[in-house]
Structure formats: structure tokens, C-alpha cells
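Asker: Please find one structure pasted underneath; my questions will follow.
Protein chains: 2
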Amino acid sequence: MDDLPSLPAKLARLRHAHPGDFNLSRIDPAAQPCSRGGKAADKVRVEELAVELDGLQNRFWADRRHRLLVVLQGSDTSGKDGTVRGVFGRMSPLGVHVVSWKAPLGPERERDFLWRIHAQMPGNGEITVFNRSHYEDVLVPVVEGDLRGKALQRRYRQINDFEQMLTETGTVIVKFMLHISREEQRVRLQERLDDPEKAWKFDPKDLEVREHWDDYQRAYRDAISATGTRWAPWHVVPADSKTHRNLMVATVLKATLQSLDLRFPPLPKGLAGVRVK
Amino acid sequence: MDDLPSLPAKLARLRHAHPGDFNLSRIDPAAQPCSRGGKAADKVRVEELAVELDGLQNRFWADRRHRLLVVLQGSDTSGKDGTVRGVFGRMSPLGVHVVSWKAPLGPERERDFLWRIHAQMPGNGEITVFNRSHYEDVLVPVVEGDLRGKALQRRYRQINDFEQMLTETGTVIVKFMLHISREEQRVRLQERLDDPEKAWKFDPKDLEVREHWDDYQRAYRDAISATGTRWAPWHVVPADSKTHRNLMVATVLKATLQSLDLRFPPLPKGLAGVRVK
Numbered sequence: 001m002d003d004l005p006s007l008p009a010k011l012a013r014l015r016h017a018h019p020g021d022f023n024l025s026r027i028d029p030a031a032q033p034c035s036r037g038g039k040a041a042d043k044v045r046v047e048e049l050a051v052e053l054d055g056l057q058n059r060f061w062a063d064r065r066h067r068l069l070v071v072l073q074g075s076d077t078s079g080k081d082g083t084v085r086g087v088f089g090r091m092s093p094l095g096v097h098v099v100s101w102k103a104p105l106g107p108e109r110e111r112d113f114l115w116r117i118h119a120q121m122p123g124n125g126e127i128t129v130f131n132r133s134h135y136e137d138v139l140v141p142v143v144e145g146d147l148r149g150k151a152l153q154r155r156y157r158q159i160n161d162f163e164q165m166l167t168e169t170g171t172v173i174v175k176f177m178l179h180i181s182r183e184e185q186r187v188r189l190q191e192r193l194d195d196p197e198k199a200w201k202f203d204p205k206d207l208e209v210r211e212h213w214d215d216y217q218r219a220y221r222d223a224i225s226a227t228g229t230r231w232a233p234w235h236v237v238p239a240d241s242k243t244h245r246n247l248m249v250a251t252v253l254k255a256t257l258q259s260l261d262l263r264f265p266p267l268p269k270g271l272a273g274v275r276v277k
Numbered sequence: 001m002d003d004l005p006s007l008p009a010k011l012a013r014l015r016h017a018h019p020g021d022f023n024l025s026r027i028d029p030a031a032q033p034c035s036r037g038g039k040a041a042d043k044v045r046v047e048e049l050a051v052e053l054d055g056l057q058n059r060f061w062a063d064r065r066h067r068l069l070v071v072l073q074g075s076d077t078s079g080k081d082g083t084v085r086g087v088f089g090r091m092s093p094l095g096v097h098v099v100s101w102k103a104p105l106g107p108e109r110e111r112d113f114l115w116r117i118h119a120q121m122p123g124n125g126e127i128t129v130f131n132r133s134h135y136e137d138v139l140v141p142v143v144e145g146d147l148r149g150k151a152l153q154r155r156y157r158q159i160n161d162f163e164q165m166l167t168e169t170g171t172v173i174v175k176f177m178l179h180i181s182r183e184e185q186r187v188r189l190q191e192r193l194d195d196p197e198k199a200w201k202f203d204p205k206d207l208e209v210r211e212h213w214d215d216y217q218r219a220y221r222d223a224i225s226a227t228g229t230r231w232a233p234w235h236v237v238p239a240d241s242k243t244h245r246n247l248m249v250a251t252v253l254k255a256t257l258q259s260l261d262l263r264f265p266p267l268p269k270g271l272a273g274v275r276v277k
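Protein chains in written order, with the UniProt record's numbering: chain A, 1 to 277; chain B, 1 to 277.
Structural data, given as C-alpha cells:
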């Protein structure tokens with residue numbers, strides 16, 4: 001995963017594949033490095049990519065040698081749901097599972113933070129998309145002041161070790177942070193308040209979380225810095241444009257799947273030439 | 001569910017919503033009661049319906065008052081995977097889960113046959129599609145001679161009681177039997193043998209199962225007869241035509257979702273007019 005030959009070079013600075021300082025604030029949420037000139041053309045390209053990804057998923061499912069875990073992180077309204085729809089919406093639901101994580105409850109709170117995560121790993125040939133993830137456990141408690149210093153560093157290490165084990169045993173991991181500006185979040189929250197078809201998405205708690213915007217940006221910066229690894233790299237996706245967000249996520253996924261040399265397994269031996277009666 | 005006002009009248013004889021004799025052999029697998037004149041037009045209609053179902057699923061997900069369980073049964077090559085792709089392939093994977101059931105293994109064999117099934121029920125607003133299901137437990141052991149008479153009748157009752165409890169507590173259940181002819185199965189198995197991109201789907205055991213074709217048809221007839229209920233009706237889908245199969249499944253699903261009077265929940269009280277800072 002460290003080496004992704006078919007990934008466009010202009011995305012290199014948005015990919016963080018080695019632990020070390022990653023300066024999130026230098027990434028412009030309004031940037032559009034994947035754009036090919038104009039929203040209309042980009043939308044067409046997203047749709048084409050979604051269909052290509054469907055073909056690759058079909059091959060991935062048939063091949064059965066790999067498992068794929070896609071992690072989507074980002075602040076409220078950053079477009080996690082929209083990415084699921086726009087990028088994965090053309091694949092057959094047969095081999096794609098989405099897990100939406102919320103704050104742990106009941107038995108989840110009485111075990112280690114990776115217990116519930118491990119239980120949801122994809123099987124052979126499957127693609128699992130995490131809508132939020134175990135990274136909430138190095139964001140929320142950090143902002144709320146319950147996790148810092150050595151305890152936080154230890155948790156980063158636990159995540160890296162866990163992800164390393166997963167990739168060594170056949171799971172490909174790709175992580176995306178959907179990066180929007182504070183102003184874009186304001187606009188989107190206001191839309192949810194004003195549009196009756198979006199009101200169900202509005203959670204009053206989102207306003208409280210928004211007050212800690214800068215704290216969350218720092219917590220994201222630190223988490224990405226510490227957990228971008230060659231086996232499970234982060235991709236920071238400029239996401240003020242929904243079309244660009246989908247375009248970049250789809251582009252990275254396509255390059256990832258293409259790097260796996262997927263193939264349809266051959267007919268079992270002794271069956272060539274058989275006629276069904 | 002007994003009453004589905006918007007379901008086309010011509011589908012009534014393919015719907016079995018009360019326990020009692022259902023004569024499967026009178027259903028022609030090549031029939032196309034949903035066709036509107038020609039394969040090309042039907043394909044366009046399937047695509048339109050898939051997009052309409054995506055809209056309904058979005059509303060279903062937002063509404064959160066219901067859960068939907070779709071059961072797909074049918075012999076090998078009857079098109080269960082293709083139905084998932086053709087009918088559910090346009091929905092966002094966010095709220096759609098597909099569970100592909102195989103023969104029970106390990107801990108599943110050490111518990112009642114509904115244990116693993118119950119664990120996979122959809123949550124509020126979710127759609128779960130069963131690719132095969134607990135109905136395998138009244139098909140395979142029946143054909144293999146391990147289940148008959150009172151024990152079989154008891155299992156039918158257990159299924160009906162289980163499904164009744166599910167529907168009484170908020171789960172809508174729709175069951176489809178994809179009905180193909182013996183000759184159509186021959187053609188499709190041969191395709192899997194001959195086409196390198198389909199070879200991975202070929203399982204030599206399918207040929208053994210095919211030798212018991214008539215036994216399985218009888219087992220299906222008896223199971224449908226006994227477990228078509230007003231709360232969880234069966235729909236027998238003439239499926240020699242893949243396009244017609246998708247057309248009918250999508251039509252029944254649309255009618256089912258429309259009967260639920262889905263709506264977007266309103267904004268929580270006290271939030272109207274709020275401006276985000």
C-alpha cells in the first residue's frame with residue numbers, strides 16, 4: 001500500500017503513509033486537485049468511476065484473496081453519507097457493507113475499544129465501509145480532555161499495531177479524512193435546519209460540537225500524524241466541493257483496487273468440457 | 001401486508017398470503033405478467049424502478065419507524081445475486097445489508113436454527129436482504145430425508161410464529177421465490193462452465209443438487225404453502241427472464257414501501273428559525 005503506482009502524483013501531498021508531523025491546516029478544504037475542469041465534467045467522471053468501481057468490486061468479490069476496509073472520518077456534515085452514496089452506490093450490495101459507528105454502549109463499554117471494531121471486519125472478497133470508526137476514540141476523548149500524553153500515544157500505537165495485523169493477514173485498509181472548512185459546515189448545518197427533507201439529519205448536539213471546531217482540527221491533525229502508516233495510509237480529501245470529494249475518494253479507491261491484480265478464479269480442475277444434462 | 005393496494009392485480013395469483021395449498025407447478029417460469037411489451041422497454045423500466053426504490057429507501061432510512069426484511073429464495077442459478085444487483089444496486093449501501101446464508105457451521109449448529117437468523121435482523125430504517133435464508137432449513141433436510149411429518153410441520157409453525165413476532169414488533173417481511181425451469185437452469189450452469197468470467201460461480205455440488213430437481217420443487221411447494229402468511233407473504237417470481245424477474249421484484253417492493261406512508265421526520269422542537277454561527 002505504501003507504493004500505489006497508479007495514483008495521480010498531485011494527490012501525493014494529500015496522502016500520509018508514514019508516522020510523522022502532518023500539517024492539516026496547510027490543506028485547503030476548497031482545493032480541487034482531481035478536477036478536470038468544471039463541475040459538470042467532474043460529475044460525469046464520478047459517475048463513470050462509480051461504474052468502474054462496480055466492475056472492480058465484482059472482480060474483488062470473485063477473486064476472494066483480499067478484504068477491503070475503507071475508513072471514512074470527518075466532522076459533522078463533511079459528507080460521509082454522501083460519499084457512501086456517490087462512490088459505493090453503484091456496487092452490488094452483495095459484497096459491500098457499511099457500518100455506521102456511534103458512541104459505544106452497554107457491552108461495548110465494558111471491553112477494549114477495538115473489540116466491537118474487530119467484530120465488523122470484512123470477510124474474503126468483501127468491502128466494508130466504516131462511517132466513523134475507531135478513530136473517534138482518539139478524537140472525542142482528546143477534545144473532552146479525558147485522553148492525553150502517554151495514554152494517547154499508547155492508543156495510537158494500539159491502533160497502528162491492530163491495523164498492521166489486519167493488513168498482514170489479508171485486509172487492505174484505506175483511510176479518508178473528509179476535510180471541510182468551518183464556513184462550509186455552517187452552510188450545511190443551516191441547510192439541515194431550513195430544508196424539511198434534511199431536518200431529520202440535524203442533531204442539536206452538532207452545534208455544541210461545532211463550538212470545539214479548532215480542538216477537533218488539532219485532534220485530527222495529531223491522529224493523522226500518528227496513524228498514517230505504509231500499511232494503512234490516510235488520505236485527506238478537500239471536501240468543500242461534494243463532487244470533488246467523491247472524485248478523489250473514487251480515484252484513490254480505483255488505484256487501490258487496481259494495485260491488487262484482481263482476477264476471476266479458473267474453473268475447478270476436471271470440469272473443462274463438461275456438459276450439463 | 002395482507003392488503004397491498006397498489007400491487008397490480010395481475011400479480012395476485014403469484015402472491016401467497018394465507019397458509020393453504022399453493023400449486024407451484026401451475027406457475028410458468030417463463031411467464032412475464034409484469035412486462036409492458038418488449039425486453040428493451042422492460043429494462044428501462046427496471047432501471048427507473050431501481051432509482052425510485054433508492055428514493056423510497058432514503059425516506060425509509062430517514063423515517064426510522066420500520067425495518068424491512070427481504071427474503072430471496074430459489075434454486076442454484078435462479079438469479080438471487082442478479083436480483084440484489086438489479087433491484088437493490090441503486091440504493092445507498094448505508095441502509096441496505098445483504099446476508100448470504102450458507103450451511104450452518106460450528107456454533108450455529110449447536111443452537112436452534114433461528115438463532116443465527118435472529119442475530120441478522122435489520123435495525124430501524126434498515127433494509128436487510130437475505131440471499132437464501134431460514135427456508136433452507138425446510139428444504140435441504142426435507143430433500144435429504146432428515147425432516148418430515150410432524151417435525152416438519154412443527155418447523156413450519158416455528159417459522160410462522162417467529163415471523164409473526166418480527167412483524168408485530170416493526171419488521172416488514174417480504175419473501176420471494178425465484179422460479180426458473182429445469183431447462184433454464186441447465187443453460188445457466190453450462191454458461192458458468194463455458195465462460196471464464198463466470199467459472200468462479202460454478203460449484204460441482206450444483207450438479208448433484210440438480211439431480212434432485214423434482215424433490216426440491218416439491219419441498220418449495222410445501223414450504224410456500226405452509227408459510228405464506230398475511231404478515232409475511234410469499235411472491236413466486238417467474239424468473240426465466242432476468243429482466244422480468246427484476247421487474248416483478250422491484251414492483252412488489254415499491255408497492256410494499258409505498259404502503260408504509262414514509263415521511264421525513266420534522267425538525268426537533270424549538271429549532272425552527274435558528275441561525276448557525
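No residue lacks a Cβ here, since even glycine has one placed at the ideal position from N, Cα and C.
Residues of chain B with CB under 8 Å from Gly145 (chain A), in chain order?
Answerer: By Cβ distance, chain B contributes nothing, its closest Cβ being about 23 Å from Gly145 (chain A), past 8 Å.
Asker: Mind listing which residues of the segment 82-93 of chain A have their C-beta closer than 8 Å to chain B's C-betas, in chain order?
Answerer: Those would be Val84, Arg85, Phe88, Gly89, Arg90, Met91, Ser92, Pro93, in chain order.
Asker: Whose C-beta lies closer than 7 Å to the C-beta of Arg45 (chain B) among residues of the same chain, with five residues either side of it excluded?
Answerer: Contacts found: Arg36, Leu247.
Asker: Can the beta-carbon of Arg132 (chain A) be found less than 9 Å from the beta-carbon of Lys102 (chain A)?
Answerer: Yes; because the gap between Cβ atoms is below 9 Å, this pair is in contact.
Asker: Please name the residue in A:Asp261, A:Thr251, A:Gln153 whose C-alpha comes closest to that of Ile224 (chain A).
Answerer: Here the closest residue by C-alpha is A:Gln153.
Asker: Measure from the alpha carbon of Lys242 (chain A) to the alpha carbon of each residue in A:Pro233, A:Arg67, A:Asp81, A:His18, then state which is nearest.
Answerer: Answer by Cα proximity: A:Asp81.
Asker: By a C-beta neighbour count over all protein chains shown, 10 Å radius and 16 as the cutoff for buried, is Pro29 (chain B) buried or exposed?
Answerer: By the neighbour-count rule (16 or more Cβ atoms within 10 Å), Pro29 (chain B) is buried.
Asker: Note down, in chain order, all residues in the segment 110-121 of chain A with a beta-carbon under 7 Å from any beta-carbon belonging to chain B.
Answerer: Taking 7 Å as the Cβ-Cβ cut-off against chain B, none of the residues of the segment 110-121 of chain A qualify.
Asker: Buried or exposed for Thr128 (chain B), going by 16 or more other Cβ atoms inside 10 Å?
Answerer: Classification of Thr128 (chain B): buried, given that the 10 Å Cβ count is 16 or more.
Asker: Taking Arg90 (chain A) as the reference, which of A:Ser75, A:Arg64, A:Val249, A:Glu52 has the closest Cα?
Answerer: Arg90 (chain A) has its Cα closest to that of A:Glu52, out of A:Ser75, A:Arg64, A:Val249, A:Glu52.
Asker: Let me know if Leu228 (chain A) comes out buried or exposed under the rule of 16 or more other beta-carbons within 10 Å of its beta-carbon.
Answerer: According to the sequence as given, residue 228 (chain A) is Gly; it is not Leu. Buried, because 16 or more other Cβ atoms sit within 10 Å of the Cβ of Gly228 (chain A).
Asker: In whole angstroms, what is the alpha-carbon distance linking Ala17 (chain A) and Phe113 (chain B)?
Answerer: C-alpha separation (whole angstroms): 46 Å.
Asker: Give the residues from the segment 178-199 of chain B that approach chain A closer than 7 Å (Cβ to any Cβ), ordered along the chain.
Answerer: So the close ones are Arg186, Leu189, Gln190, Leu193, Pro196, Glu197, Ala199.
Asker: What residue ranges within the segment 224-253 of chain A form continuous beta strand (DSSP E) runs of no fewer than 3 residues, ordered along the chain?
Answerer: Qualifying beta strand (DSSP E) stretches, in chain order: 234-238.
Asker: Going by beta carbon distance, what residues of the same chain come within less than 6 Å of Tyr156 (chain B), once the five residues before and after it are set aside?
Answerer: Excluding residues within five positions, the ones whose Cβ falls inside 6 Å are Ala226, Thr227.
Asker: If you draw a straight line from the alpha carbon of Gln190 (chain A) to that of Ser259 (chain B), how long is it in whole angstroms?
Answerer: Rounded to whole angstroms, Gln190 (chain A) to Ser259 (chain B) spans 32 Å at the Cα level.
Asker: Which of the residues in the segment 93-105 of chain A, read from start to end, lie with their CB under 9 Å from any CB of chain B?
Answerer: Correct list: Pro93, Leu94, Gly95, Val96, His97, Val98, Ser100.
Asker: Could you pull out every residue in the same chain whose Cβ sits closer than 8 Å to the Cβ of Leu11 (chain B), ignoring the five residues on either side in sequence?
Answerer: Within the same chain, Leu11 (chain B) has close Cβ partners Pro33, Cys34, His235, Met248, Thr251, Val252.
Asker: Helix or strand or just coil, what does DSSP make of Leu72 (chain B)?
Answerer: Three-state result, Leu72 (chain B): strand.
Asker: Using the beta-carbon of each residue, which ones in chain B are nearer than 7 Å to Leu267 (chain A)?
Answerer: Leu193, Ala199, Phe202, listed in chain order.
Asker: Hey, is Val46 (chain B)'s beta-carbon within less than 9 Å of any beta-carbon in chain A?
Answerer: Not an interface residue.
Asker: Checking contacts by CB at 9 Å: is Phe264 (chain B) closer than that to chain A?
Answerer: Chain A contact via Cβ: present.
Asker: Please identify, using Cβ separations under 7 Å, the residues of the segment 237-253 of chain B that lie next to chain A, in order along the chain.
Answerer: Cβ contacts with chain A come from no residue of the segment 237-253 of chain B.
Asker: Measure the CB-CB distance between Thr77 (chain B) and Asp206 (chain B) and report whether it falls below 9 Å.
Answerer: Yes, the Cβ-Cβ distance between Thr77 (chain B) and Asp206 (chain B) is below 9 Å.
Asker: Applying a beta-carbon distance threshold of less than 9 Å, which residues of chain B neighbour Leu271 (chain A)?
Answerer: Ordered by position in chain B, the residues that pass the 9 Å Cβ test against Leu271 (chain A) are Leu193, Ala199, Phe202, Pro204.
Asker: Below 7 Å CB to CB, which residues in the same chain sit around Arg245 (chain A) once its five sequence neighbours on both sides are set aside?
Answerer: The answer, listed in chain order, is Gly79, Thr83, Leu178, Val237, Ala239.
Asker: So the candidates are A:Ser6, A:Ala9, A:Arg59, A:Asp42; which of them puts its Cα closest to the Cα of Lys201 (chain B)?
Answerer: Of the candidates A:Ser6, A:Ala9, A:Arg59, A:Asp42, the one whose C-alpha sits nearest the C-alpha of Lys201 (chain B) is A:Arg59.
Asker: Residues in the same chain with beta-carbon distance under 6 Å from Glu184 (chain B), minus the five sequence neighbours each way, listed in chain order, please.
Answerer: Cβ within range, chain order: Asp240.
Asker: Is the Cβ of Arg13 (chain A) closer than 9 Å to any Cβ of chain B?
Answerer: No - not a single Cβ of chain B is within 9 Å of the one on Arg13 (chain A).
Asker: Assuming Ile180 (chain B) contacts Gly74 (chain B) (C-beta within less than 8 Å), just tell me the rounded distance between them.
Answerer: Yes, they are in contact, since the Cβ atoms of Ile180 (chain B) and Gly74 (chain B) sit about 7 Å apart, within 8 Å.
Asker: Excluding five sequence neighbours on each side, which residues of the same chain lie with their C-beta closer than 6 Å to the C-beta of Lys39 (chain A)?
Answerer: Once the five neighbours on either side are set aside, the close Cβ partners of Lys39 (chain A) are Thr243.
Asker: Can you tell me which of the three DSSP states Asn58 (chain B) falls into?
Answerer: Helix.
Asker: Do the segment 60-67 of chain B and the segment 211-222 of chain B meet, that is, are 3 or more Cβ pairs less than 8 Å apart?
Answerer: The segment 60-67 of chain B is not in contact with the segment 211-222 of chain B.
Asker: Could you tell me which whole alpha helix (DSSP H) segments of length 4 or greater appear in the segment 13-64 of chain B?
Answerer: Counting only runs of 4 or more, we get 39-63.
Asker: Throw me the rounded Cβ distance for the Pro93 (chain B) and Val98 (chain A) pair, which I believe falls under 8 Å.
Answerer: With 8 Å as the limit, Pro93 (chain B) and Val98 (chain A) qualify as a contact, their Cβ atoms being about 5 Å apart.
Asker: What does Val174 (chain A) touch in chain B if you count any residue whose Cβ is under 7 Å from its own?
Answerer: Result: empty, since nearest Cβ-Cβ is about 16 Å, beyond 7 Å.
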